Ligand code: PGA
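Printed below as a string of structure tokens:
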């Protein structure tokens, strides 16, 4: 099997001004040093991208965006294109986060267009999927994940496994302190990998990284990362403080 290098990603959501984000990124870069045993990414708000990019110049930490629009340019007030993100120093772009789906009406079709646009621009999409609490209670977890993978990853251009990332984030575990148990997460990840295989083929499915997200903390990251189909973490709240996020990054140490 293709070895999958873990990816630990921080989603800063709508937190931190430019100077605050820059200071946090510098603090994290100092703590992480030249650690390259895992890939690391942080996604600050758009307004902080350039400051964080300069803070990370000498660091192996990559920069990510929290969203993008699929057009290359045009009259789309308030939107940001993949090319703009690339020029701002981004390597990754989070797409279809549950907060975007919930508050901004993002659909699987939109996620698909954004994912394609990111890949075409050479950005690595981190495609977020996950069921809500009521969907889990109604035994719909697998049908929801199946649909999100099928529609979200449909007809992608040819790419290498390291160029696309999927993040499983059960909506009921985001920012709630409730984490999926390691077995619940592994079950979902294994299922997602099977659906990725149907959508993108065996080689991609074997090599693609599937991150877990939802209340990841220093004290639960190791047991999650020990599961065979969990290849990293997408961390919200616990990525905002450099010392705590560095502990998560160093989970194996
Ligand atoms: P959380 O957020 O770690 O604060 O639960 C995760 C996410 O939304 O990506």
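Residue numbers (my numbering): 8 to 260.
All C-beta atoms in this analysis are idealised placements derived from N, C-alpha and C, irrespective of residue type, glycine included.
Bear in mind the structure is a predicted one, so any value in this text is a computation, not a measurement.
Would you call residue i buried or exposed, if buried means 16 or more other Cβ atoms sit within 10 Å of its Cβ?
i           : result
residue 66  : buried
residue 44  : exposed
residue 175 : buried
residue 2   : Nothing about residue 2 can be reported from this structure: the residues present for the chain run from 8 to 260 only.
residue 21  : exposed
residue 41  : exposed
residue 187 : buried
residue 195 : buried
residue 29  : buried
residue 76  : buried
residue 113 : buried
residue 132 : buried
residue 125 : buried
residue 239 : buried
Could you tell me whether any Cβ in chain E is nearer than 9 Å to the Cβ of residue i?
i           : result
residue 184 : Included in the structure is just one protein chain, with no chain E present.
Straight-line CA distance for residue i to residue j?
i           : j           : result
residue 244 : residue 256 : 14 Å
residue 178 : residue 191 : 14 Å
residue 151 : residue 55  : 34 Å
residue 183 : residue 109 : 16 Å
residue 72  : residue 38  : 22 Å
residue 47  : residue 15  : 5 Å
residue 162 : residue 88  : 21 Å
residue 51  : residue 248 : 13 Å
residue 171 : residue 207 : 11 Å
residue 74  : residue 106 : 11 Å
residue 60  : residue 19  : 15 Å
residue 135 : residue 173 : 6 Å
residue 236 : residue 193 : 6 Å
residue 26  : residue 96  : 17 Å
residue 57  : residue 49  : 13 Å
residue 82  : residue 228 : 43 Å
residue 166 : residue 84  : 31 Å
Quick one: measure Cβ to Cβ for residue i and residue j, integer angstroms, because I've assumed they're closer than 8 Å.
i           : j           : result
residue 13  : residue 232 : 7 Å
residue 123 : residue 168 : About 17 Å separates the two Cβ atoms, so there is no contact after all.
residue 241 : residue 259 : Wrong, their Cβ atoms sit about 18 Å apart, outside the cutoff.
residue 11  : residue 216 : 5 Å
residue 222 : residue 185 : 6 Å
residue 98  : residue 90  : Rounded, the Cβ-Cβ distance is 14 Å, inconsistent with contact.
Only counting the same chain, and skipping five residues up and downstream in sequence, which positions put a Cβ closer than 7 Å to that of residue i?
i           : result
residue 254 : 225
residue 251 : 225 and 245
residue 153 : 202
residue 63  : 32, 36 and 70
residue 138 : 147, 148, 151, 152, 177 and 178
residue 198 : 149 and 152
residue 158 : 115, 116 and 119
residue 34  : 249
residue 155 : 115 and 136
residue 230 : 189
residue 86  : 76
Take residue i and list the residues in its own chain whose beta-carbon comes closer than 6 Å to its own, dropping the five residues that flank it on each side.
i           : result
residue 140 : 179
residue 204 : 212
residue 200 : 212 and 236
So, at 8 Å on beta carbons, what are the nonlocal neighbours of residue i in its own chain, with the 5 sequence-adjacent residues on each side left out?
i           : result
residue 93  : 128, 129 and 130
residue 111 : none
residue 23  : 31, 51, 52, 55 and 247
residue 68  : 32, 35, 36, 39, 47, 48 and 49
Inset, instruction - Please determine if the region 92-111 and the region 142-152 are in contact, where contact requires at least 3 C-beta pairs separated by less than 8 Å. - result: Judged by Cβ distances under 8 Å, the region 92-111 makes no contact with the region 142-152, as fewer than three pairs qualify.
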